[in-house]
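Colleague: Residue numbers (this note's numbering): 1 to 248. Each residue gets a CB set at the ideal place from its N, CA and C atoms; glycine is no exception. Please see the structure below; I have some questions.
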């Protein structure tokens, strides 16, 4: 038996996030005077949080203006958060609206942000790739996307149209290959279509990115549930070459 002792902090002031006053391992943010008076231990928890250096009410002082930035954080725009690594205390929040109106869909399932590129996947069979002309992280911290000469392109990926799948993204260690994958449930019923092929039924797509290196191997952890009803975990290596994926 292993126990993981940790604290959970929600960076939100929304009422639908319900954190009990008796729970001393979980915290959320409150606006001034905006606390649940029916909570018996809320005052004691506030004193406990402040004594530990945990933020209770975000300040709105310039230049950080944390309270306004947190409201923006809940609206779906791109947010860069600077956090104290020891206490998880918010230091600065940067709001970037560059991607507003530029995405292929409002239903984003995954995103990977690196110093020179950005990848976004959706429920729909599409993916957005942004290449930065300048490094995203500079001497003064994270730059805004509008200042790094970002170039966006959105393209279709393999998969049947009309299917809403939670597509995920994974990069290799050298950041020059991206894996777009999604789960296929056991016994899932596929609609019959005359044009349906194994290529369209696949649930893993690999794309090469412009990079300094040419790594062509993927290390994948797979769940195998076909061994007499038991579940096993396999570590597999796939090599990419000549447009094919081969198992090693």
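1) When the Cα atoms are used, what is the spatial distance from residue 106 to residue 122?
2) Helix, strand or coil for residue 104 per DSSP?
3) Determine the burial state of residue 251: buried for a count of at least 16 other Cβ atoms within 10 Å of its Cβ, exposed for fewer.
4) Under the DSSP definition of a beta bridge, which residues are partnered with residue 183?
5) Hey, would you say residue 49 sits closer than 7 Å to residue 56, going by beta carbons?
6) How far does the beta strand (DSSP E) with residue 54 in it reach, from first residue to last?
7) Going by DSSP, which residues form a beta bridge with residue 247?
8) Does the stretch 148–155 come within contact of the stretch 126–135, defined as at least 3 CB pairs closer than 8 Å?
9) Under the three-state reduction of DSSP, which class applies to residue 71: helix, strand or coil?
10) Determine the direct distance from the alpha carbon of residue 205 to that of residue 213, and round the result to whole angstroms.
11) Would you mind reading off the limits of the beta strand (DSSP E) that contains residue 249?
12) Here's the rule: buried if 16 or more other CB atoms are within 10 angstroms of the residue's CB, otherwise exposed. What is residue 231?
13) May I ask you to report which of helix, strand or coil DSSP gives residue 46?
Modeller: Result, derived from the coordinates:
1) 8 Å
2) coil
3) Residue 251 lies beyond the residue range present for the chain, which begins at 1 and ends at 248; the question has no answer from this structure.
4) For residue 183, which the question treats as bridged, DSSP gives no partner whatsoever.
5) yes
6) Premise fails: residue 54 is in no beta strand (DSSP E) and is neither H nor E.
7) 238
8) yes
9) helix
10) Reliability fails at residue 213, whose pLDDT of 47 lies under 50, so the model's placement of it is uncertain and the value that follows must be treated cautiously. Cα to Cα, residue 213 sits roughly 20 Å from residue 205.
11) As shown, the chain starts at 1 and ends at 248. That puts residue 249 outside it, with no answer to give.
12) exposed
13) helix
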